[in-house]
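Before any comments, here is the structure.
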Amino acid sequence: MKWTTYFFDELDSTNTHAVHYPVGSVIISGKQTAGRGRNNRFWISQRGNLFLSAVLPVFGDNTPLLAFVAGVSLAEALSDLPVFLKWPNDVLLNGAKIAGILLERNDNKIVAGFGVNIINAPQEENIIYPTAHLPAGYTPQSVAEGLLDKLSENLILFKKSGFLPIRRKWLKFAAGIGTKIKVSLPHEICCGIFDSLTPQGAISLKTSTGIRLITAGDVFLSLKEKND
Ligand code: BTN
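In this note's numbering, each residue's number is its place in the sequence shown (first place is 1) plus 688.
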């Protein structure tokens, strides 16, 4: 994918703005006044962090799996650091979230919005897991360049070979496999051992009542509950 990048000093949300651009466009803003996170949460967007939206094509039935293409690409761009991916695509450093990704569909386009904490680590609304920012030496520009290179590479791979190689890469970065996790679903909290990622991108959770497949929800890693 060849990218055409547009820079803005301030926008409401790069994701909102990006829907007016064709596939292959990238929108970067210095700050956002109405940044959005997953599940209708607000994404606090102070100057100094990276706010980037890339306009991607749809991939038929595989379109939802772009969430993993995006996550793997960002993790690879930051792989000089010991980063992990929390399902589906939060990037963690030392157990704290340093980046989030929001994919939104608009007709025949997908807007993939990346928020990376470069110098600020705002706490997310209604979320109790910790946040952090990158160590010194990273800039919005350097992270954006690395991310767009990896995203381009992984989109080609996804188009050519499907989800299999992306899943393999994702599993290398996966946080919490084989451990007890908690998943907050709209009407319940589900606990179990994070067994694997299915070929459809769902979490396979071993619970006391059997295997459960989870396709949406907020994952909480039970780091402090290893001995439970
Ligand atoms: C999450 O909840 O973890 C996803 C956060 C995604 C934030 C990014 S910042 C750039 C883009 N524009 C937005 O309004 N949201 C995404």
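Glycine included, each C-beta is placed from N, C-alpha and C at the ideal position. None of the values given here were measured: they were computed from a predicted structure.
Which residues DSSP lists as bridging residue i, in chain order
| i | result |
| --- | --- |
| ASN737 | ARG735 |
| THR692 | SER713 |
| ARG793 | ILE798 |
| ARG724 | PHE730 |
| ALA784 | LEU781 |
| LYS906 | In the sequence on display, residue 906 carries Asp and not Lys. For ASP906, which the question treats as bridged, DSSP gives the partners SER872. |
| PHE772 | LEU780 |
| ALA819 | Ala is not the amino acid found at residue 819; the sequence shown has Thr there. Answer is LYS785. |
Proximal residues to residue i (C-beta, below 6 angstroms), its chain only, five neighbours per side dropped
| i | result |
| --- | --- |
| PRO903 | According to the sequence provided, residue 903 is Thr. The question's Pro does not apply to it. Answer for THR903: ALA890, listed in chain order. |
| LYS685 | Nothing can be reported for residue 685: it is not among the residues displayed for the chain, which extend from 689 to 916. |
| ALA722 | ASP700, SER701 |
| LEU836 | TRP691 |
| ASP883 | SER892, LYS894 |
| ASN915 | Residue confidence for ASN915 is low, a pLDDT of 38 falling below 50, so the modelled location carries little weight; the figure read from the coordinates is stated next. Within the same chain, ASN915 has no close Cβ partners at all. |
| TYR709 | VAL743 |
Range covered by the beta strand (DSSP E) that runs through residue i
| i | result |
| --- | --- |
| LYS894 | 891-895 |
| GLY880 | 876-885 |
| GLY898 | 898-902 |
| PHE756 | Segment 754-765 is the alpha helix (DSSP H) holding PHE756; no beta strand (DSSP E) there. |
| PHE747 | It is not in any beta strand (DSSP E) - PHE747 carries neither H nor E in the DSSP assignment. |
| ILE869 | 868-873 |
Distance cut-off 7 angstroms: residue i Cβ against heavy atoms of the ligand BTN
| i | result |
| --- | --- |
| GLY803 | yes |
| GLY788 | yes |
| PHE908 | no |
| GLN734 | no |
| PHE739 | yes |
| TRP775 | no |
| ALA808 | A small correction: the amino acid at residue 808 is Asn; Ala does not occupy that position in the sequence shown. Answer for ASN808: no, Cβ out of range of the ligand BTN. |
| THR867 | no |
| GLY725 | yes |
| TRP691 | no |
| ARG793 | no |
| SER701 | yes |
| ASP768 | no |
| ARG729 | yes |
Residues near residue i in its chain [Cβ-Cβ closer than 7 angstroms; skip 5 each side]
| i | result |
| --- | --- |
| GLU913 | At GLU913, the pLDDT of 43 sits below 50, so the modelled position is not reliable; the number obtained from the coordinates is stated separately. Within the same chain, GLU913 has close Cβ partners LYS868. |
| THR886 | SER892, LEU901 |
Extent of the continuous alpha helix (DSSP H) to which residue i belongs
| i | result |
| --- | --- |
| PHE924 | Here the chain has residues from 689 to 916 only, and residue 924 is not among them. |
| ASN703 | 702-706 |
Contact with chain D by residue i, beta-carbon distance below 8 angstroms
| i | result |
| --- | --- |
| THR827 | Structure shown: chain D not included; a single protein chain is present. |
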